[in-house]
Amino acid sequence: MLRAADLFFAYAGRSPVLRGVSMEVPDGGFVGILGPNGSGKTTLLRALAGVIRPARGSVRLDGQDFTSIPRQTLARRMAVVPQETHLAFDYTVLEVVMMGRYPHLGTFEIEGPEDFGIAREALAATGTADLEDRPFDSLSGGEKQRVIVAAALAQITAAEGNGILLLDEPTVALDLAYQLEIRSILLQLNQQRRVTVVVSTHDLNLAAGLCRHLILLDRGRVLAAGPAEDMLKPALIQQLYGVDVDISVHARTGRLTVVPLARTGQPLQP
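All the letters of the sequence shown, read from the start, carry residue numbers 1039 to 1308 under this note's numbering.
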């Protein structure tokens, strides 16, 4: 269980970005964080990852406060997939994924056959095994994102307890085909490997198709939280985004589908 309680955080010289945020992520859960630009989604994700320390409040993993967990131990259990990844050197895909094994190595220890096996298994799980020898910078945006997910999976493999993936806008700027691939990969990792997933996103339909629980974040505060079907209501979405939407069950997929109609108070455009 990953749990945040009463988080407050402000960047230097700025107003608070998080204002008393509390939330829970159950083991094996799939949780989405929704909210408009500036709502604090990325900052909350960074706090959950232990990258930043809140001015007030706490983040706990299985009841243990982050401040008492060694960074290496935390890195073996949790991995972050950012919106974009830029590397300083021209690494191959396998080298990028092997970086995920660093938290599992001792001082001056080098990767062994087991680490390479785990890395290649992560590549296979994300459909990128055939890219192993390619330079990372030569890949398309969707291929890069899948490789970074593979590196994160290699990082949390053999973790004590459920591994946790934290993803920040994982499908941003990807075309429809790659969006579907990323979605399928995340579902498989969650359902087949019991990987706990937390994803921040603007994509309401991605959230509707993936997440079992949603947290609606508005100007650094939790507007509402609960099962996805309870959070994806026109009144809540209107309150969160200031947009009128139509929400219905798609006839072929059986999933909720969100169609934006117009800004609240404005007439529909023909």
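From the three backbone atoms N, C-alpha and C, an ideal C-beta is built for every residue, glycine too. From a predicted model like this one, the values you see are computed outputs, not experimental measurements.
(message) In whole angstroms, give me the CA-to-CA distance for S1178 and E1159.
(response) Here residue 1178 is taken as the residue at index 140 of the sequence shown, counted from 1. Here residue 1159 is taken as the residue at index 121 of the sequence shown, counted from 1. Those two C-alpha atoms are separated by around 21 Å.
(message) Could you compute how far the alpha carbon of V1237 sits from the alpha carbon of L1254?
(response) Within the sequence shown, the letter at position 199 stands for residue 1237. Within the sequence shown, the letter at position 216 stands for residue 1254. Rounded to whole angstroms, V1237 to L1254 spans 12 Å at the Cα level.
(message) So, under 8 Å CB-CB, R1139 and D1153 are touching, yes? Tell me the CB distance rounded to an integer number of Å.
(response) Indexing the sequence shown from 1 puts residue 1139 at position 101. Indexing the sequence shown from 1 puts residue 1153 at position 115. Confirmed, Cβ separation roughly 4 Å.
(request) Drop a sphere of 10 angstroms on the beta-carbon of N1075, count the other beta-carbons inside from all chains shown, and report buried for 16 or more, exposed for fewer. (result) By 1-based counting over the sequence shown, the position of residue 1075 is 37. Exposed, because fewer than 16 other Cβ atoms sit within 10 Å of the Cβ of N1075.
(request) Within its chain, find whatever has a CB closer than 6 Å to the CB of L1205; leave out the 5 residues flanking it on each side and keep chain order. (result) Stepping through the sequence shown from its first residue, residue 1205 is reached at position 167. If we look at L1205 and ignore the five residues flanking it on each side, its Cβ neighbours are V1119 and V1237.
(request) In angstroms with no decimal places, state the Cα-to-Cα distance between Q1121 and D1175. (result) Residue mapping note: residue 1121 aligns to position 83 of the sequence shown, counting from 1. Residue mapping note: residue 1175 aligns to position 137 of the sequence shown, counting from 1. Their Cα atoms are separated by approximately 16 Å.
(message) Less than 9 Å between the C-beta atoms of R1172 and V1135, yes or no?
(response) What you label residue 1172 is simply residue 134 of the sequence shown in a count that begins at 1. What you label residue 1135 is simply residue 97 of the sequence shown in a count that begins at 1. Result no, Cβ atoms of R1172 and V1135 do not sit closer than 9 Å.
(request) On the DSSP bridge assignment, give the partners of R1094 in chain order. (result) By one-based count along the sequence shown, residue 1094 stands at place 56. F1046, per the DSSP bridge assignment.
(request) Quick one: grab the DSSP three-state call for L1056. (result) In the sequence shown, residue 1056 corresponds to position 18, counting from 1. The DSSP-derived three-state label of L1056 is strand.
(message) Please return the same chain residues whose Cβ sits closer than 7 Å to the Cβ of G1078, not counting the five positions on each side in sequence.
(response) Here residue 1078 refers to the residue found at position 40 when the sequence shown is read from its first residue. If we look at G1078 and ignore the five residues flanking it on each side, its Cβ neighbours are V1055, L1056, L1255 and G1258.
(message) Quick check for students: name the residue ranges of the beta strand (DSSP E) that lie wholly in the segment 1092-1135, counting only runs of 3 or more.
(response) Within the segment 1092-1135, the complete beta strand (DSSP E) runs of at least 3 residues are 1094-1099 and 1116-1119.
(request) Verify whether the separation of the beta carbon atoms of I1320 and T1195 is less than 9 Å. (result) For residue 1320 there is no data in the structure shown, the boundaries of the chain being 1039 and 1308.
(message) Can you list, in chain order, the residues of its chain with a C-beta nearer than 7 Å to that of T1166? Leave out the 5 residues immediately preceding and following it.
(response) As a first step, residue 1166 is located in the sequence shown; it is residue number 128 there, counting from the start. If we look at T1166 and ignore the five residues flanking it on each side, its Cβ neighbours are V1131, E1181, R1184, V1185 and A1188.
(request) Could you have a look at V1210 and say whether DSSP puts it in helix, strand or coil? (result) Here residue 1210 corresponds to residue number 172 of the sequence shown, with the count starting at 1. Coil, per DSSP.
(request) Can you grab the Cα-Cα spacing for the pair P1108 / R1114, in whole Å? (result) Position 70 of the sequence shown, counted from the start, is the residue given in the question as residue 1108. Position 76 of the sequence shown, counted from the start, is the residue given in the question as residue 1114. Going by the C-alpha atoms only, they are around 10 Å apart.
(request) For I1071, count neighbouring Cβ atoms within 10 angstroms of its own Cβ and tell me buried if that reaches 16, exposed if not. (result) Locating residue 1071 in the sequence shown gives position 33, where the first residue counts as 1. Counting the other Cβ atoms within 10 Å of the Cβ of I1071 gives 16 or more, which makes it buried.
(message) Classify I1148: buried if its beta carbon has 16 or more other beta carbons within 10 angstroms, exposed otherwise.
(response) In the sequence shown, the residue the question calls residue 1148 occupies position 110. By the 10 Å Cβ count, I1148 comes out exposed.
(message) So, with DSSP's three-state summary, where would you put L1254?
(response) Your numbering for residue 1254 matches position 216 in the sequence shown. Residue state, collapsed to three classes: strand.
(message) Can you tell me whether E1147 is helix, strand or coil according to DSSP?
(response) Reading the sequence shown from its first residue, position 109 is the one you call residue 1147. Residue state, collapsed to three classes: coil.
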